[in-house]
Structures are given as structure tokens and as C-alpha cells.
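**Q**
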Amino acid sequence: MALRTKARLTGGLTIALALLGACSEQGTISSPEEVAEGETAASPAEPALPAFDPPTVFDQASQAMIDTPYREDSLPPLVLHGTDAIVAHSDGIAFVDALSGEESVFLTPPGAPAEGGPGPAVAHIEDPPTIVETGGATLALVPFIVHRETTGTTAPGILLELVAADTDTREIVWTAQVDLAEYDPDYEMDVRVIGADATTAILAATGGSASSDDNTQTIAVDMATRETRWRQDHFTPHLYMEGTVLGCETNPDADLDETAFSYKALNGATGIEAWNVPDRDCGWSYAAAPGIAAVTFPETYVWFSGEVEYAESFHLLDVASGEAIKVYEEYTAYGCLFDGEAVLVCGGWSYDTGTQVVGYDAQTGEVAWSLPDSGRIAPAVTAVWHGAVYGSTENGAVVLDAATGADIEVEPGMAPYIVNEYLGVGMTESGQVFTQPAVG
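Residue numbers (mature numbering (1 follows the signal peptide of the UniProt record, and there is no 0)): -24 to -1, 1 to 416.
1) Along the chain, where does the beta strand (DSSP E) that runs through R205 open and close?
2) Report the residue from A24, D209, F34 and P86 whose alpha carbon sits nearest the alpha carbon of G389.
3) So if DSSP puts E147 in a beta bridge, which residue, or which two residues, is it bridged to?
4) In the DSSP assignment, find the unbroken beta strand (DSSP E) run with H123 in it and report its ends.
5) In whole angstroms, what is the alpha-carbon distance linking T192 and T308?
6) Could you give the DSSP three-state label for Q412: helix, strand or coil?
7) According to DSSP, T358 sits in a beta bridge with which residue or residues?
8) Pull up the DSSP beta-bridge partners for V72, would you.
9) Report the residue from S350, V295 and Y262 whose alpha carbon sits nearest the alpha carbon of G323.
10) With distance defined between alpha-carbon atoms, name the residue in F290, G298 and P274 nearest to E249.
11) Distance, Cα to Cα, T144 vs L83?
12) For Q36, does the three-state DSSP call read helix, strand or coil?
13) Taking DSSP as the reference, what is the three-state secondary structure of Q153?
14) I'd like the list of long-range same chain contacts for G267, defined as Cβ closer than 6 Å, with 5 residues on each side in sequence excluded.
15) Taking 9 Å as the cut-off, decide whether the C-beta atoms of S350 and G381 are in contact.
16) Would T176 be called buried (16 or more neighbouring beta carbons within 10 Å of its own) or exposed?
17) For C312, I'd like the list of residues in its chain whose CB is within less than 6 Å of its CB, leaving aside the five on either flank, ordered along the chain.
18) T130 by DSSP, collapsed to three states: which one?
19) Tell me D377's beta-bridge partners as DSSP assigns them.
20) Are the Cβ atoms of G367 and E317 separated by less than 9 Å?
21) Once DSSP output is grouped into helix, strand and coil, what is the label at Q332?
22) So, for T32: in the same chain, excluding its five sequence neighbours on each side, which residues have a beta-carbon less than 7 Å away from its beta-carbon?
23) Which residue's Cα is closest to the Cα of G372: P355, R205, A64 and W361?
24) Please list, in chain order, all residues of the same chain as A174 whose beta carbon is under 6 Å from its beta carbon, the five residues on each side excluded.
25) Using the C-alpha atoms, what's the distance from T329 back to L136?
26) Looking only at its chain, what residues have a beta carbon closer than 6 Å to the beta carbon of W325, apart from the 5 residues adjacent to it on each side?
27) Rounded to whole angstroms, how far is the Cβ of A116 from the Cβ of I62, which I believe are closer than 8 Å?
28) Is the separation between the beta-carbon of D60 and that of P85 shorter than 9 Å?
29) Return the chain-ordered list of same chain residues with a C-beta closer than 6 Å to the C-beta of H57, the five sequence neighbours on each side being excluded.
30) Considering just the uninterrupted stretch of the beta strand (DSSP E) at R352, what are its terminal residues?
31) I think G402 touches A414, with their Cβ atoms under 8 Å apart; what is that distance to the nearest whole Å?
32) Starting from R256 and walking both ways along the beta strand (DSSP E), at which residues does that stretch end?
33) Going by beta carbon distance, what residues of the same chain come within less than 6 Å of Q153, once the five residues before and after it are set aside?
34) Leaving out the 5 sequence neighbours to the left and right, which residues in its chain are closer than 7 Å to G244 when beta-carbon positions are compared?
35) Report back the beta-carbon spacing between K240 and G223 to the nearest angstrom; my notes put them in contact at under 8 Å.
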């Protein structure tokens, strides 16, 4: 019986019961400008649009389509930076004018992407670029799987190459390469940046061979030296917060009567265990607020009759100590999104309440509001940002007040999955990605 584990959700992932169920065709711009490492593209101009923090109305008439990689039942690997959409592809990083949909720059990693040769046939980029400020610059971090350069008797192989692109100059400023010893051309590999700060980037690589298909390697890269600080097999990182890595350790040699999983926190600089949650299997982890993580732990009960029953509990944990701030027993919270200010919004379920959308005080875990309630229905939430909850109901798109759950806009024009002060990013029923500028 396999227990469920969940890596962190991307910033705009819906917390509705069913995510889109849409797909988009992989496509490329017909003649993108490619910029190799060391070359510099023209710096983007300051956005000419008015800023709304948060936006509540979007201009449908000014919609632009954005070309993104194929993603089934998930959002594209895209992040907004001003009016740029920065998109991670398996073979490079695209800077797209999100107002027009035109690709302005395509950055190719120095290493040759591992497609069609030794190494995995496809290297999946799981997440959007990770934005981090360090050394006075704002960088977009994207991991790639590339070929190892071979000479003489050097055996072929693959490397994980972390590429850092300056979001203002739109150029590659540095790369870091991590050796991945096992590879097999018949197996795919998923790679992601879990999180980063000015000192450390935490990476995860899963698959790439028959023996490692179910193994996730966690790798810490020093942002200054570009060297690998530490790595750990059979550990799936969920979050990197306040210098701490939270995730799930798997014991592949566990017997049937032993616990196969354990939830742990590792020091991001050293990889040394900081704390663990005893007697709990791995669950879902979300960033609730600075220094606070929201975790749903699954539990299994086997009755004398042999019947198996599952229950779950929702915890707000102090990241530094692992101490529980608030616990909701026999309750499931999923798809949680922090608004960046004070509120955590989650999908929720229990035997008593059924399906809900709940707003929590992100510091205390106390419930601020929940839907449905008398005379109101729960929206399918698509994004949460700076005091606004975006989503849709059978009545159309809607924006709620994150603090109270009250409707603040019933005709926003769209329910964005990714949003900033200038733009919203949405998806059509067929999976096409589009943007609309904010106008209110």
C-alpha cells in the first residue's frame, strides 16, 4: 500500500478539487533571438502599465497568447517579472513580452541538453523559474539535464546544470554543474529547483535509470562558489524556507512492519537533520508564512476486522523547531496558497464539513473564514496574492477579500493562475496560456 507524498505546489496551482484537465501543445517561436552565455540582450524598459496591488479587473480585449511547453493537468513553468513572462523549456529559458506574447530572448544553457543522445530522452522541467535576489541582482534559476563533455576514455553521462539568468539584462551570468552518476536513455528524469536564497539553492532530481526511478536526490548548491555542498538520496524535498529544507525521507529497505517514510527538516547549509516529526508519514507541505509551514500528515488505521481506514491531520509548524503552532485533527488541507502578507488559503475536507475553501491566519492557524456558508458557494481557487483570492464559480470569475472571504469583484474578466501588479496569466479550456493586463 503506497502512501501519498506531495512535492511543493507551484505558486498559482489551483486548489479546486480537479485541476483544469487541460493540455497545451508544445510549440516554439518561429525565429527567436538566441543569446549564448556571455552575450547581453537589451535590458527591458520599465513597465509602462499602471500597477494595481492587488489587481481585481483585467482587460479581456488586450489578451495575448503565450507559447509554453506542454503540461498536462498543471500550470506551465512560467513566472512573471514585471511585464516579462520568463518560461523554462527543456532546452533553454525564454523571456517573453507578456503584453504582446512576443519572445524577445531565448537563452540556451552552455551544456548540450540531453535529448536524442546518451542520458534521458526527455528532461522534464517541473517548476517555473525560481526568482532570487543575490549580490544586488535578481536572478532566474532553471535546472537542465545536459551531456557531460567526453574526451579520451571519459565515459558518457549526464549532468544537472543549474543556470542563473539576470532578469534585467536577460543574460546568463553563471552556471553550476552537478554530476549525476546513473543514467539510461530509456528513462526520463524530472528536475526542479525547490527553493533558493542568497547563499544556497536546493535542487531535486528524480529518475534517470531503472534503479533510481523511484529515488529522488536532493542537492544543495552554494550560490557563491557554484559547488555542491551536500546531497542526499531517497529524500524528496518539499520546501526550502529560512535556511531549512522540509521533506520526506524514504527507506527503500523497510520491511512491511517498518515505517517506510519519515518527515524531516534538514539544515540547508550542511544537510544535517534539524528535526523530525515522529510517528507521522509524509504528506503535503506548503509555505504558510515566513518561518511557518503548513503540512497535512496522512495516518493509517487497521481495525481488528482487517479493514483499513485513512485519516489526516493538518498542522502549522514552526520551521526552526518543528513545534506545532496549530493542529486540526482528522482534517485534510490541500493546495494551500499564501497571499504573501497575512492569509493562507487552502482547500479543505473533513467528514463533518465536506469540501471547503478556508482562509487561515497564516501566523496562528486560526480560521478566518470558510466557504460554502449560508447562501454562498465555494469558488475553485486559482491564485492568491496580496490580499486577493482569485477563482471561479458556476457564475463566472470572482475575486474575494483574503482576510474576510467576501466578494470584492464579481466581474474581474478572468480568474488568473499567476498574477502580479501588472498582469494575470490564465488558461483556456484547451490548455492555451494567455495574459491580460490589469486595469483595476
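Ideal Cβ placement from N, Cα and C applies to all residues, glycine included.
**A** This is what the structure gives:
1) For the purposes of this step, residue 205 is taken as the residue at position 229 of the sequence shown. It spans T204 to Q208 - the beta strand (DSSP E) in which R205 sits, taken as one unbroken run.
2) On the sequence shown, position 413 is the one that residue 389 refers to. Nearest of A24, D209, F34 and P86 to G389, Cα basis: F34.
3) Numbered from 1 along the sequence shown, position 171 holds the residue referred to as residue 147. E147 is bridged to D142.
4) Against the sequence shown, residue 123 aligns to sequence position 147. Run containing H123: A113 to H123, per the beta strand (DSSP E) assignment.
5) Position 216 of the sequence shown, counted from the start, is the residue given in the question as residue 192. Position 332 of the sequence shown, counted from the start, is the residue given in the question as residue 308. Each residue's alpha carbon lies about 25 Å from the other.
6) Taking the sequence shown and counting its residues from 1, the one referred to as residue 412 is at position 436. DSSP, read as helix, strand or coil, puts Q412 in strand.
7) Translated into the one-based positions of the sequence shown, residue 358 becomes position 382. Looking at the DSSP assignment, T358 forms no beta bridge with any residue, so it has no partner.
8) The count along the sequence shown starts at 1 and reaches residue 72 at position 96. A61 and E79, per the DSSP bridge assignment.
9) For the purposes of this step, residue 323 is taken as the residue at position 347 of the sequence shown. The shortest C-alpha separation from G323 is found at Y262.
10) Position 273 of the sequence shown, counting from 1, holds the residue named residue 249. Selected option, being the one with the closest Cα: G298.
11) Taking the sequence shown and counting its residues from 1, the one referred to as residue 144 is at position 168. Taking the sequence shown and counting its residues from 1, the one referred to as residue 83 is at position 107. According to the sequence displayed, residue 144 carries Asp and not Thr. If you take the alpha carbons of D144 and L83, they lie about 13 Å apart.
12) Counting from 1 along the sequence shown, the entry for residue 36 is found at position 60. The DSSP-derived three-state label of Q36 is helix.
13) What you label residue 153 is simply residue 177 of the sequence shown in a count that begins at 1. If DSSP states are grouped into helix, strand and coil, Q153 belongs with the strands.
14) Position 291 of the sequence shown, counted from the start, is the residue given in the question as residue 267. Within the same chain, Cβ atoms closer than 6 Å to the Cβ of G267 are found at E218 and V295, the five residues on either side in sequence being excluded.
15) Mapped onto the sequence shown, residue 350 falls at position 374. Mapped onto the sequence shown, residue 381 falls at position 405. Contact: no.
16) Mapped onto the sequence shown, residue 176 falls at position 200. In summary, T176 is buried, with 16 or more beta-carbon neighbours lying within 10 Å of its beta-carbon over all protein chains present.
17) Translated into positions along the sequence shown, residue 312 becomes position 336. These residues qualify, in order along the chain: Y262, A270, L320 and C322.
18) On the sequence shown, residue 130 is found 154 positions in, with the first residue counted as 1. If DSSP states are grouped into helix, strand and coil, T130 belongs with coil.
19) As a position in the sequence shown, residue 377 is number 401, starting the count at 1. For D377, which the question treats as bridged, DSSP gives the partners A364.
20) Walking along the sequence shown from the start, residue 367 turns up at place 391. Walking along the sequence shown from the start, residue 317 turns up at place 341. It is not a contact, given that the beta carbons lie outside the stated cut-off.
21) Residue numbering aside, residue 332 sits at position 356 when the sequence shown is read from its first letter. Three-state DSSP puts Q332 in a strand.
22) In the sequence shown, counting from the first residue as 1, residue 32 sits at position 56. Correct list, in chain order: A364, V375, I384, E385, P388 and G416.
23) The residue given as residue 372 occupies position 396 in the sequence shown. That would be P355, whose Cα lies nearest to the Cα of G372.
24) Here residue 174 refers to the residue found at position 198 when the sequence shown is read from its first residue. Counting only Cβ-Cβ distances below 6 Å, and skipping sequence neighbours, we find T110.
25) Taking the first residue of the sequence shown as position 1, residue 136 is located at position 160. Taking the first residue of the sequence shown as position 1, residue 329 is located at position 353. If I take the Cα positions, the gap works out to 45 Å.
26) Along the sequence shown, read from residue 1 onward, the residue named residue 325 stands at position 349. Annotation for W325: T308 and T331 place their beta carbon closer than 6 Å to its own, counting only its chain and skipping 5 residues before and after.
27) Start at 1 with the first residue of the sequence shown, and residue 116 comes out as number 140. Start at 1 with the first residue of the sequence shown, and residue 62 comes out as number 86. Confirmed, Cβ separation roughly 5 Å.
28) Here residue 60 refers to the residue found at position 84 of the sequence shown. Here residue 85 refers to the residue found at position 109 of the sequence shown. It is not a contact, given that the beta carbons lie outside the stated cut-off.
29) Counted from its first residue, the sequence shown places residue 57 at position 81. Cβ neighbours of H57 beyond the five flanking positions: T143.
30) By 1-based counting over the sequence shown, the position of residue 352 is 376. Careful: R352 lies outside any beta strand (DSSP E) and carries neither H nor E.
31) The residue labelled residue 402 in the question sits at position 426 within the sequence shown. The residue labelled residue 414 in the question sits at position 438 within the sequence shown. That pair is no contact at about 12 Å.
32) Position 280 of the sequence shown, counting from 1, holds the residue named residue 256. Where R256 is concerned, there is no enclosing beta strand (DSSP E), given that its DSSP letter is neither H nor E.
33) The residue you call residue 153 lines up with position 177 of the sequence shown. Closer than 6 Å at the Cβ level, and outside the excluded window around Q153, lie L135 and E137.
34) By one-based count along the sequence shown, residue 244 stands at place 268. Within the same chain, G244 has close Cβ partners T176, I178, A196, Y216, G219, T220 and V221.
35) As a first step, residue 240 must be located in the sequence shown, where it is residue number 264. As a first step, residue 223 must be located in the sequence shown, where it is residue number 247. Confirmed, about 7 Å.
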